[in-house]
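Q:
Chains as they are written, first to last, in our numbering: chain A, 1 to 106; chain B, 1001 to 1369.
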């Protein structure tokens, strides 16, 4: 992972290492940290493709406001990966369309 | 039916302003709900590794993330009265019944019916238009800070910074601390916008600052591989030859704008104030908006900095509690006057002039009965 090993001021306390998959590939990240950060540390920059022009989008605002980093997580589309914590065993996929809302929700 | 939670004070946003508002309201005995969209409280403070300026009262000389720790400790003293929801976004506010809808994560919706609301929603990054500005690798400066200073992730190998204001300069320095190379800093104006001390730090480390330059285009097919930059004249028209810069990250530090959607939705009277960097709510000297049950504080009330945000938050929290009949009248009047004086002192310098001009456009001396 592309992690800062030494820092003059900060001392990073990462959580437990957990396994997850991205488009089927098994990766390792830290539990509770944003999915976007885990992917970035694994060198992944493209999180979704725009529905019409298929342009790549990735990380951008990191505060859950810009929609750039939407991903499909465990089948749920449009997940704001910059503010969604990574959990063990998550199945994360590139989002390739607008996503569909599950209508059986309450 | 999704249940409705009642509370005396709802604080939206757990950054410096919101934390300050929540702990002051709670200190006067209010039941408080504090919601924040992020995974931790503290807002942008938690990634500020530099020492703050300002006055001693507001902890000048302390690093930003330490200030956040101090506020959180103070909040803990009131934990029986403050219910905190993190990873919780306030998604809407309904004028008809005063209900605020929230979602934890992406799926778990609930509603809050507060008697008073403090909007401390902060700010969001501005972006400037240029071809390929959508490419992965074009990141907001705040986002880059989050990656490296909160989560310890190396954002990239070589960064082009756009904007030489305080944020652009500070984040450049922090990138170097994290071991990342800075290809250069591009600034459209003919001088550095940030404090001299920050500019001197990066200059000493040999980072080129391209004044009177703009970014013409991000390069790259699927992700950023570089950028074209070009000199501009007095009317911001490109002149001279384009320069190609190799970089895998283009970091945008071209300013912030207040996050004001909920204020609009609530029906607060809003005004565009360039000095405060966007639309802001009209407010009285206690940060109360045109809606008698809604206060605003921090960057949501106009882009300034974290120290002023904390003081504004305290004012808003105290005044919201006062409006609910909490606290001792005389004591509160004194405390609020003291806070207003501190705010005035913070804005006393040259940098504060622009803020004061902006505030003159949106401040009301009391909303009357």
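A virtual CB, placed ideally from N, CA and C, is assigned to each residue, including glycine.
Everything numeric in this text was worked out from a predicted model, so none of it was measured.
Identify, in the order they occur along the chain, each residue of the same chain with its Cβ nearer than 7 angstroms to the Cβ of residue 106(A), setting aside the five sequence neighbours on each side.
A: Its pLDDT being 48, under 50, residue 106(A) is placed unreliably by the model, and the measurement read from it follows with that caveat. Counting only Cβ-Cβ distances below 7 angstroms, and skipping sequence neighbours, we find nothing.
Q: My guess is that residue 1018(B) and residue 1011(B) are in contact by the Cβ rule of under 8 angstroms, so how many angstroms apart are they, rounded?
A: Rounded, the Cβ-Cβ distance is 5 angstroms, consistent with contact.
Q: With a threshold of 8 angstroms on Cβ separation, who are the neighbours of residue 1111(B) within its own chain once the five nearest residues in sequence on each side are excluded?
A: 1002, 1003, 1004, 1005, 1099, 1100, 1101, 1102
Q: On the criterion of 16 or more Cβ atoms from any shown chain inside 10 Å, does residue 8(A) qualify as buried, or is it exposed?
A: exposed
Q: Taking residue 1134(B) as the query, report the chain A residues whose CB atoms sit under 7 angstroms from its CB, ordered along the chain.
A: 55, 57
Q: Give every residue of the same chain whose Cβ lies closer than 6 angstroms to the Cβ of residue 1317(B), excluding the five residues on either side of it in the sequence, and list them in chain order.
A: 1021, 1024, 1025
Q: By Cβ distance, which residues of its chain are closer than 8 angstroms to residue 1223(B), with the 5 residues on each side in sequence left out?
A: 1135, 1136, 1137, 1248
Q: Any Cβ of chain A within less than 8 angstroms of the Cβ of residue 1177(B)?
A: yes
Q: Have a look at the DSSP bridge pairing and note the partners of residue 1035(B).
A: 1012(B), 1085(B)
Q: Who are the neighbours of residue 84(A) on chain B, taking C-beta pairs under 8 angstroms?
A: 1087, 1105, 1106
Q: Using the beta-carbon of each residue, which ones in chain A are nearer than 7 angstroms to residue 1146(B)?
A: Listed along chain A are 62, each with a C-beta nearer than 7 angstroms to that of residue 1146(B).
Q: Quick check: the Cα distance between residue 1282(B) and residue 1336(B), rounded to an integer number of angstroms?
A: Residue 1282(B) and residue 1336(B): Cα-Cα distance of roughly 19 angstroms.
Q: To the nearest angstrom, how far is it from the Cα of residue 1132(B) to the Cα of residue 1327(B)?
A: 55 angstroms
Q: Check the Cβ-Cβ distances between residue 1173(B) and every residue of chain A, and say whether any is below 8 angstroms.
A: The beta carbon of residue 1173(B) sits no closer than 8 angstroms to any beta carbon of chain A.
Q: So, is residue 1052(B) buried or exposed, given that buried needs 16 or more other C-beta atoms within 10 angstroms?
A: Burial of residue 1052(B) is indicated by the presence of at least 16 other C-beta atoms within 10 angstroms of its C-beta.
Q: Is there at least one non-hydrogen atom of the ligand HEM closer than 7 angstroms to the beta-carbon of residue 1286(B)?
A: With respect to small molecules bound, the structure shown includes none, and the ligand HEM cannot be examined in it.
Q: Give the residues of chain A in contact with residue 1223(B), contact being defined as C-beta atoms less than 9 angstroms apart.
A: 45, 46, 56, 58
Q: Could you list the residues in the segment 1224-1258 of chain B with a C-beta less than 8 angstroms from some C-beta on chain A, going in chain order?
A: Answer in chain order: no residues at all.
Q: For residue 1252(B), which beta-bridge partners are listed by DSSP?
A: 1140(B), 1162(B)
Q: Name the residues in the segment 71-83 of chain A whose C-beta lies less than 9 angstroms from a C-beta of chain B; which are they?
A: 73, 76, 78, 79, 80, 82, 83
Q: Once the 5 residues before and after residue 70(A) are set aside, which same chain residues still bring their CB inside 6 angstroms of it?
A: So the list reads 48, 78, 95, once near-sequence residues are dropped.
Q: Ordered along the chain, which non-local residues of its own chain (more than five positions away) have a Cβ less than 8 angstroms from that of residue 1340(B)?
A: If we look at residue 1340(B) and ignore the five residues flanking it on each side, its Cβ neighbours are 1285, 1315.
Q: Along the chain, where does the beta strand (DSSP E) that runs through residue 1295(B) open and close?
A: 1294-1296
Q: Any residues in the segment 1182-1208 of chain B with a beta carbon nearer than 8 angstroms to a beta carbon of chain A? Which ones, in chain order?
A: Of all residues in the segment 1182-1208 of chain B, none has a Cβ within less than 8 angstroms of some Cβ in chain A.
Q: When you check each C-beta in the segment 1031-1050 of chain B against every C-beta of chain A, which residues fall closer than 8 angstroms?
A: Within the segment 1031-1050 of chain B, those residues whose Cβ lies closer than 8 angstroms to any Cβ of chain A are, in chain order, 1037, 1038, 1039, 1049.
Q: Assign residue 1047(B) to one of two classes, buried (16 or more other C-beta atoms within 10 Å of its C-beta) or exposed (fewer than that).
A: buried
Q: Short of 7 angstroms in beta carbon distance, which residues of its chain neighbour residue 1166(B), apart from the five on each side in sequence? Order them along the chain.
A: Closer than 7 angstroms at Cβ, skipping near neighbours: 1194, 1195, 1198.
Q: Contact criterion: CB-CB distance below 8 angstroms. Does residue 8(A) meet it with respect to chain B?
A: yes
Q: Give the residues from the segment 23-38 of chain A that approach chain B closer than 9 angstroms (Cβ to any Cβ), ordered along the chain.
A: 30, 32, 33, 34, 36, 37, 38
Q: How many whole angstroms separate the CB atoms of residue 1058(B) and residue 1310(B), which I take to be in contact at a CB cut-off of 8 angstroms?
A: The C-beta distance from residue 1058(B) to residue 1310(B) rounds to 6 angstroms, short enough to meet the 8 angstroms contact threshold.
Q: So, under 8 angstroms CB-CB, residue 1174(B) and residue 1049(B) are touching, yes? Tell me the CB distance rounded to an integer number of Å.
A: 6 angstroms
Q: Where do the N-terminal and C-terminal ends of the beta strand (DSSP E) with residue 1102(B) fall, by residue?
A: 1100-1104 is the extent of the beta strand (DSSP E) around residue 1102(B).
Q: Does the beta-carbon distance from residue 1254(B) to residue 1126(B) come in below 8 angstroms?
A: yes
Q: Can you find at least 3 beta carbon pairs, one from the segment 1083-1099 of chain B and one from the segment 1263-1272 of chain B, that sit closer than 8 angstroms?
A: yes
Q: Cα separation between residue 25(A) and residue 87(A)?
A: So the alpha carbons of these two residues sit roughly 16 angstroms apart.
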